[in-house]
Amino acid sequence: MVDYALNQAIAQHHERNQRWGFTWAIWTAILWGAWYVPGTALWYEHPYVDIAADNQSLRLAATAVMTWVHAITVLLFLLLWNGVLGKVRDYGRTMVRFRKISKWYALASLCGGPMAIFGSYMAMGFVGPVFAAITSLFYPVVGAAIATLWYKEKISRRAAIGMAIIIMGGVVIYGPGLFGEMDITHNNAWLGYLGGIMSAIGWGAEGAVAARAMDVTDPDVGIQCRFSFEVLFWGVLILPVLALFTDLPIVSLIVSTVTESKAMLWIVLAAACHAYCYTAFYKSFSLIGVGRGETVGNLYAVFALIFIAAFTLQLPQWYFLVGLVLTVLGSLVMFAEPAESVAQLRNIGPVEEGA
Amino acid sequence: MKLHQKGFLLVEISKVRSIWDSELIAKALKEYGLTGSYWVNSLCVALDELAAAGLIVRVGSKLDDGKQLAPGRLLFNWRLSEFGRSRMRDTGLLNYP
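Chains A and B, in that order, are what the protein sequence lines are. Position in the first sequence (first residue = 1) + 654 = the working numbering. Position in the second sequence (first residue = 1) + 3 = the working numbering.
Written as structure tokens, this is what we have:
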């Protein structure tokens, strides 16, 4: 009787953890999808709306400025989050251990910030937004491969099938748009393809690299460390270099962004989505692993179209429904995985060794 | 400066052959001057994350008879895994302080 009650309690414990892990991953997808609304609207406000579409260098400089101001705002939202949770002191205790621990968050911020975001904008600018969206969909494959090879994260057959179905669903949603966009005769198209590869590798590697530090630190604290480093990379290194060694108007872009109330409103809304999207992202890694967390996060493709349709009243094409069915099916396949197999994410031995 | 909370939990687990979470949580609450069920649950989540990552393994479990954290609550006995020891070495926690 006692054994039965104990076994029941253990099974419920594993199920609860699995459910929380997938819940965090789905919140990642919802907030990531919601982020596209303010993230896109920002380009329609001053000073960004004044930049010509063919002025690539100025657009990239504007992207860098926008990303930096956005990262600072994200950091403030994360400070609020950790303040409410009582984890600000733990943030300080984690940040100071740079040589052995927080350096991994610094590397993760390089992968997810300058490499992935910059790569994504290159893909958008030199090939097109649909191509950029599709290449980003493949980042969980990179993340799962790195996590498996580097620190033996377990990817079960069922999880791998679920991943494949979700990615296929994303490709169905965006794929048909590619036919009108791909133009291999374009001289600079290779820069776009390079950017697409950078975004898939950058975001995929970010999860795997961050998980190395998260093994021994709190995920809420970890995401604040990661954005602290991103703010520093843009603000202390990249933007000053651009301002000093190019004739791009970095300072005036910064001033006109922070003094333009409509631009700042969209940045604040985008940052709120992004801050808690990333928090949910990192929390899911700790409970269900990098591969599963990133793949379920890929459902952003569905939520982005739903949010954009809700705000612009432009309904998606019919094939969106096929993609939606596939992504939901893939998620269910992954969620149906036994909770015990998700209770331990690495190949290091049995979960319970006996009393 | 004190060690971050997950680091503290790992260091305490590494000092003994195995330890019950109720005992470990009591040590952490004392170390950081914390009280209340929020922090007990928060530390339990941290232990679950360490277990999911394979740094610690469960070597025993029982239901609380009401003398530890709360009546009927599931309690675990934890031990550091070899992978956890290796990760502690990588992150400078094994020889802390």
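Each residue gets a CB set at the ideal place from its N, CA and C atoms; glycine is no exception. Note that this is a predicted model, so its numbers are computed, not measured.
{"query": "Name the chain A residues that come within less than 7 Å of K33 of chain B, Cβ to Cβ?", "result": "Chain A residues near K33 of chain B: none, gap ~16 Å exceeds 7 Å."}
{"query": "Does the beta carbon of R747 of chain A sit closer than 8 Å to a beta carbon anywhere in chain B?", "result": "yes"}
{"query": "Excluding five sequence neighbours on each side, which residues of the same chain lie with their C-beta closer than 8 Å to the C-beta of A818 of chain A?", "result": "G984"}
{"query": "Determine the DSSP secondary structure at F614 of chain A, reduced to helix, strand or coil.", "result": "Residue 614 of chain A lies beyond the residue range present for chain A, which begins at 655 and ends at 1009; the question has no answer from this structure."}
{"query": "Report yes if the CB atom of I788 of chain A is closer than 8 Å to the CB atom of L953 of chain A, and no otherwise.", "result": "no"}
{"query": "So, with DSSP's three-state summary, where would you put S64 of chain B?", "result": "strand"}
{"query": "Using a Cβ-Cβ cut-off of 7 Å (strictly less than) and excluding sequence neighbours within five positions of W712 of chain A, which residues of its own chain qualify?", "result": "According to the sequence provided, residue 712 of chain A is Leu. The question's Trp does not apply to it. Result list for L712 of chain A: I705, L902, in chain order."}
{"query": "Under 8 Å by Cβ, that's how I've got Y759 of chain A and C879 of chain A pegged, so tell me the actual separation to the nearest angstrom.", "result": "4 Å"}
{"query": "Apart from the five residues on each side of it in sequence, which residues of its chain come closer than 8 Å, Cβ to Cβ, to L848 of chain A?", "result": "G773, M776"}
{"query": "Tell me the DSSP bridge mates of L77 of chain B?", "result": "B:L66"}
{"query": "On the DSSP bridge list, what partners appear for R82 of chain B?", "result": "B:V60"}
{"query": "Take every Cβ of the stretch 849-864 of chain A, pair it with every Cβ of the stretch 718-738 of chain A, and state whether three or more of those distances are shorter than 8 Å.", "result": "no"}
{"query": "Please list, in chain order, the residues of the stretch 50-65 of chain B that have any C-beta partner in chain A closer than 9 Å.", "result": "D51, E52, L53, A54, A55, A56, G57, L58, V60, R61, V62, G63, S64, K65"}
{"query": "Where do the N-terminal and C-terminal ends of the alpha helix (DSSP H) with C931 of chain A fall, by residue?", "result": "915-942"}
{"query": "Would the stretch 666-683 of chain A and the stretch 935-955 of chain A be scored as touching if the rule is three or more Cβ pairs under 8 Å?", "result": "yes"}
{"query": "Look at G693 of chain A and Y793 of chain A and say whether their C-beta atoms are less than 8 Å apart.", "result": "no"}
{"query": "Drop a sphere of 10 angstroms on the beta-carbon of S40 of chain B, count the other beta-carbons inside from all chains shown, and report buried for 16 or more, exposed for fewer.", "result": "exposed"}
{"query": "My understanding is that I771 of chain A touches T727 of chain A, with C-beta atoms under 8 Å, so please give their C-beta distance in whole angstroms.", "result": "Actually they do not touch by this definition, with Cβ atoms about 15 Å apart."}
{"query": "In this structure, what does DSSP give as the bridge partners for W23 of chain B?", "result": "B:N80"}
{"query": "So that I know if they touch, is there some Cβ in chain A lying closer than 8 Å to that of G39 of chain B?", "result": "no"}
{"query": "Rounded to whole angstroms, what is the Cα-Cα separation between P894 of chain A and I815 of chain A?", "result": "46 Å"}
{"query": "Could you pull the start and end residues of the alpha helix (DSSP H) that D744 of chain A belongs to?", "result": "742-749"}
{"query": "Given 8 Å as the limit, is there contact between the stretch 22-35 of chain B and the stretch 63-74 of chain B, that is, 3 or more CB pairs closer than that?", "result": "yes"}
{"query": "Enumerated in chain order, which unbroken segments of the alpha helix (DSSP H) with a length of 4 residues or greater are wholly contained in the stretch 655-723 of chain A?", "result": "656-695"}
{"query": "Taking all protein chains shown into account, do 16 or more other C-beta atoms lie within 10 angstroms of the C-beta of F899 of chain A, making it buried, or fewer, making it exposed?", "result": "exposed"}
{"query": "Reducing DSSP to helix, strand and coil, say where A1009 of chain A ends up.", "result": "Per-residue confidence for A1009 of chain A stands at a pLDDT of 40, beneath the threshold of 50, marking its modelled position as unreliable; no derived number is given."}
{"query": "Could you tell me the distance, in whole angstroms, from the CA atom of A1009 of chain A to the CA atom of V62 of chain B?", "result": "Confidence at A1009 of chain A is low in this model, with a pLDDT of 40, below 50, so its placement is unreliable and the value that follows should be read with caution. Going by the C-alpha atoms only, they are around 5 Å apart."}
{"query": "Using only the alpha-carbon positions, how far apart do L959 of chain A and F965 of chain A sit?", "result": "10 Å"}
{"query": "What does a CB cutoff of less than 8 Å around L685 of chain A pick up in its chain, not counting 5 residues either side in sequence?", "result": "C927, H928, Y930, C931, A934"}
{"query": "Please check the pair K9 of chain B and V870 of chain A, which I expect to be a contact at CB under 8 Å, by giving their CB distance rounded to whole angstroms.", "result": "6 Å"}
{"query": "Sort A:A843, A:A695, A:R751, A:I827 by Cα distance to D93 of chain B and report the nearest one.", "result": "A:R751"}
{"query": "Residue range of the alpha helix (DSSP H) that E991 of chain A falls in?", "result": "Looking at the DSSP string, E991 of chain A is not in any alpha helix (DSSP H), and its letter there is neither H nor E."}
{"query": "Compute the distance between the beta-carbons of V624 of chain A and L980 of chain A, then report whether it is under 8 Å.", "result": "The first residue shown for chain A is 655 and the last is 1009, placing residue 624 of chain A beyond what the model contains."}
{"query": "Are A945 of chain A and E807 of chain A closer than 8 Å when you measure CB to CB?", "result": "Before going further, note that residue 945 of chain A is Gly rather than Ala in the sequence given. Cβ atoms of G945 of chain A and E807 of chain A: closer than 8 Å."}
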